[in-house]
Amino acid sequence: MESRVAAHAKGKVYVDKLFGIGMAAKQAIIQYGKENVIDASMGTIADDDGNIVCLPSVEELFRSIPIQDMISYSPVAGLPSFLEAAVTHTFGESRPDAYIRAVASAGGAGAISNVIWNYSNFGDTILTHDWYWTPYETICKDTGRHLMTFSLLDADMTFNLTSFSHMVSHLLVKQDHVVIILNSPNHNPTGYSMSDHEWDEIIKHVILESAKKSSKTITLLIDIAYIDFTKDPVNARSFMKKFSNLPSNIVVTFAFSMSKGFTVYGQRTGALIGVSSSKSVAEEFENAVLVTSRSRWSNVNRGCMTLLSAIYNDKMLLNKVNTEREAYQTLIAKRAEVFINEAHQIGLSILPYHSGFFITIPCIHPDEASEMLAAQNIFAPPLSKGIRIAACSVPLAQMHGLAAKIKHAITISDAVK
Ligand SMILES: Cc1ncc(COP(=O)(O)O)c(C=O)c1O
Numbered sequence: 180m181e182s183r184v185a186a187h188a189k190g191k192v193y194v195d196k197l198f199g200i201g202m203a204a205k206q207a208i209i210q211y212g213k214e215n216v217i218d219a220s221m222g223t224i225a226d227d228d229g230n231i232v233c234l235p236s237v238e239e240l241f242r243s244i245p246i247q248d249m250i251s252y253s254p255v256a257g258l259p260s261f262l263e264a265a266v267t268h269t270f271g272e273s274r275p276d277a278y279i280r281a282v283a284s285a286g287g288a289g290a291i292s293n294v295i296w297n298y299s300n301f302g303d304t305i306l307t308h309d310w311y312w313t314p315y316e317t318i319c320k321d322t323g324r325h326l327m328t329f330s331l332l333d334a335d336m337t338f339n340l341t342s343f344s345h346m347v348s349h350l351l352v353k354q355d356h357v358v359i360i361l362n363s364p365n366h367n368p369t370g371y372s373m374s375d376h377e378w379d380e381i382i383k384h385v386i387l388e389s390a391k392k393s394s395k396t397i398t399l400l401i402d403i404a405y406i407d408f409t410k411d412p413v414n415a416r417s418f419m420k421k422f423s424n425l426p427s428n429i430v431v432t433f434a435f436s437m438s439k440g441f442t443v444y445g446q447r448t449g450a451l452i453g454v455s456s457s458k459s460v461a462e463e464f465e466n467a468v469l470v471t472s473r474s475r476w477s478n479v480n481r482g483c484m485t486l487l488s489a490i491y492n493d494k495m496l497l498n499k500v501n502t503e504r505e506a507y508q509t510l511i512a513k514r515a516e517v518f519i520n521e522a523h524q525i526g527l528s529i530l531p532y533h534s535g536f537f538i539t540i541p542c543i544h545p546d547e548a549s550e551m552l553a554a555q556n557i558f559a560p561p562l563s564k565g566i567r568i569a570a571c572s573v574p575l576a577q578m579h580g581l582a583a584k585i586k587h588a589i590t591i592s593d594a595v596k
């Protein structure tokens, strides 16, 4: 095949398994009717009729935004009122005592790629947990970085500090810059959330210890895409206080996304928030990230930025949005409870789920299990070591009996090879 792309772009092909499964589910719905199809692939909230949800007050406000405000350019850094609201929303009552800067991004994904680009060198290795959102890998590959993993969970199904510590030390020997991506609370794909005690251990025993030993830069990239889908979103932020007054060779960044928390997935609005004890490190963060924003996507969705500013300018509206979101959080929790209870009853092992959009069932042959399920009109995407169920979108009624069907498919597919 003739190739004309530059050397670094050779062989690039994007296979979107998730999109493929979603399309297959839609096709099956047309063919067999939605009551006969379980689409467990979609990472968006759907109501119990299977329709994607926009929080009602978000929809009302979004439709009321003047067209000029929708279509105008905005500053590359983001509207100041949006950035203030994004920081307030991210930290809640747990704002760290540090210099904090924020720059608008094209969703959480844009924030993640911006950190990787600016805080690691070409050829470096980025660290994350072995269960992870696959775009981390796509971003790394596309920017000439590698992705390496530590084991998220130990034998007790809690955070694997030993594996984490080992991999951080390993990378610090090789590189001057180490970027670590941690997705919590409500990790995708498992629904795991690190406890405050686990965060203490991560920060005190690994990050601080390592930062003391050398002047190398450790950048924590905390992916909080699902943070608002815990029973207690205020407490879910309490770990953030721990990032106060850290040494200046530890840069802490948060990928804030409006996609899930405000149900505006396709509007591509988020922010990268940087936290440092050093004013100059914080200013450098803002400058570097801003240039990358300008060069990649310029400015982001102005209407959506206006939306967040307006919500944070009106306490009653903010309460309304929070109440509406909580109702959907409760619905997702109910669906997850049905699945998890049935899984326990029939002896189907699942990874620890605290809350959030997804539940993961580990298995040996995920592709085969997913195909077997698809043959029964159950669409659940395969991961590298399991299959994922979107509790955010499967109607409650369809959750009943799903664990048994999955157990059956896994038992057969795992026995095949
Ligand atoms: C783990 C995780 N991080 C970040 C994101 C970012 O989403 P977006 O770019 O839509 O803000 C997602 C979306 O699916 C996700 O699952």
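For the sequence shown, this note's numbering assigns the number 180 to the initial residue and increments by one for each residue that follows. Beta carbons: idealized from backbone N, C-alpha and C, even for Gly. Please read these numbers as outputs of a predicted model, since none were measured by experiment.
Query                                                                                                                                                          : Result
With a threshold of 7 Å, establish whether the CB of Lys-563 neighbours any heavy atom of ligand 1.                                                            : The question names Lys, yet the displayed sequence has Ser at residue 563. Answer for Ser-563: no, Cβ out of range of ligand 1.
Per DSSP, what kind of secondary structure is Gly-212 in: helix, strand or coil?                                                                               : coil
Alpha carbons only, please: which of Gln-210, Gly-201 and Ala-207 is nearest the one belonging to Thr-223?                                                     : Gly-201
Buried or exposed: Ile-209, going by 16 or more other Cβ atoms within 10 Å of its Cβ?                                                                          : exposed
Do you know offhand how far Leu-240's Cα is from Gly-286's?                                                                                                    : 20 Å
Please confirm whether any heavy atom of ligand 1 lies closer than 7 Å to the CB of Trp-312.                                                                   : yes
For Thr-409, does the three-state DSSP call read helix, strand or coil?                                                                                        : coil
Per the contact definition of three or more C-beta pairs closer than 8 Å, is the stretch 532-540 in contact with the stretch 514-521?                          : yes
Examine the Cβ distances between the stretch 474-483 and the stretch 437-454 and report whether three or more of them are shorter than 8 Å.                    : yes
Are at least three pairs of beta-carbons, each pair with one atom in the stretch 393-404 and one in the stretch 249-264, less than 8 Å apart?                  : no
Assign His-544 to buried or exposed, taking buried as 16 or more other Cβ atoms, counted over all protein chains shown, within 10 Å of its Cβ.                 : buried
Which residues does DSSP list as the beta-bridge partners of Phe-433?                                                                                          : Ile-401 and Ile-452
For the beta strand (DSSP E) containing Gly-565, list its first residue and its last residue.                                                                  : 565-569
Report, in whole angstroms, the separation of the C-beta atoms of Thr-322 and Leu-350, which I expect to be a contact under 8 Å.                               : Contact flag wrong, Cβ pair sits at about 17 Å.
Tell me whether Tyr-532, by its Cβ, gets closer than 7 Å to a heavy atom of ligand 1.                                                                          : no
Inspect the beta-carbon positions of Thr-448 and Ile-401 and report whether they are closer than 8 Å.                                                          : no
How should Asp-276 be labelled, buried or exposed, when 16 other C-beta atoms within 10 angstroms of its C-beta is the threshold for buried?                   : exposed
Could you tell me whether any non-hydrogen atom of ligand 1 is closer than 7 Å to the CB of Asp-402?                                                           : yes
Does the pairing of the stretch 462-473 with the stretch 415-424 give three or more beta-carbon distances under 8 Å?                                           : no
Fully enclosed by the stretch 474-560, which beta strand (DSSP E) runs are 3 residues long or longer?                                                          : 537-541
Quick one, which of Tyr-193, Thr-337 and Ile-360 has its alpha-carbon nearest Val-347's?                                                                       : Ile-360
Within the continuous beta strand (DSSP E) that includes Tyr-311, where are the two ends?                                                                      : Segment: none, Tyr-311 is in no beta strand (DSSP E) and carries neither H nor E.
Since Asn-556 contacts Ile-217 with CB under 8 Å, what's their CB separation in whole angstroms?                                                               : 7 Å
Is the distance from the Cβ of Tyr-311 to the Cβ of Pro-364 below 8 Å?                                                                                         : no
To the nearest whole angstrom, what separates the beta carbons of Thr-398 and Tyr-507, a pair I think is in contact under 8 Å?                                 : Contact doesn't hold; Cβ gap of about 33 Å is too wide.
Take Cys-542 and list the residues in its own chain whose beta-carbon comes closer than 8 Å to its own, dropping the five residues that flank it on each side. : Ala-548, Lys-564, Gly-565, Ile-566, Ile-589, Ser-592 and Asp-593
Taking Ala-219 and Ala-553 to be in contact with their CB atoms under 8 Å, please state how far apart those CB atoms are, rounded to whole angstroms.          : With a Cβ gap of about 11 Å, Ala-219 and Ala-553 do not count as contacting.
Per the DSSP calculation, Val-358 is bridged to which residue(s)?                                                                                              : Thr-398
For the beta strand (DSSP E) that Ile-279 lies in, which residues bound it at each end?                                                                        : 278-284
Is Ser-389 a contact residue of ligand 2, with contact defined as CB to any heavy atom under 7 Å?                                                              : Ligands displayed in this structure: ligand 1; ligand 2 is not among them.
Does the structure place the stretch 258-268 close enough to the stretch 487-504 that three or more beta carbon pairs sit under 8 Å?                           : yes
Keeping to the same chain, check which residues put their C-beta closer than 8 Å to that of Ile-381; ignore five residues upstream and five downstream.        : Phe-338, Leu-340, Phe-343, Leu-361 and Met-373
With Ile-291 and Tyr-315 assumed to form a contact (beta carbons below 8 Å), what rounded beta-carbon distance in angstroms separates them?                    : 7 Å
Could you compute how far the alpha carbon of Ser-477 sits from the alpha carbon of Glu-550?                                                                   : 41 Å
Using only alpha-carbon positions, find the residue among Phe-435, Gly-526, Ser-572 and Asn-498 that is nearest to Pro-235.                                    : Asn-498
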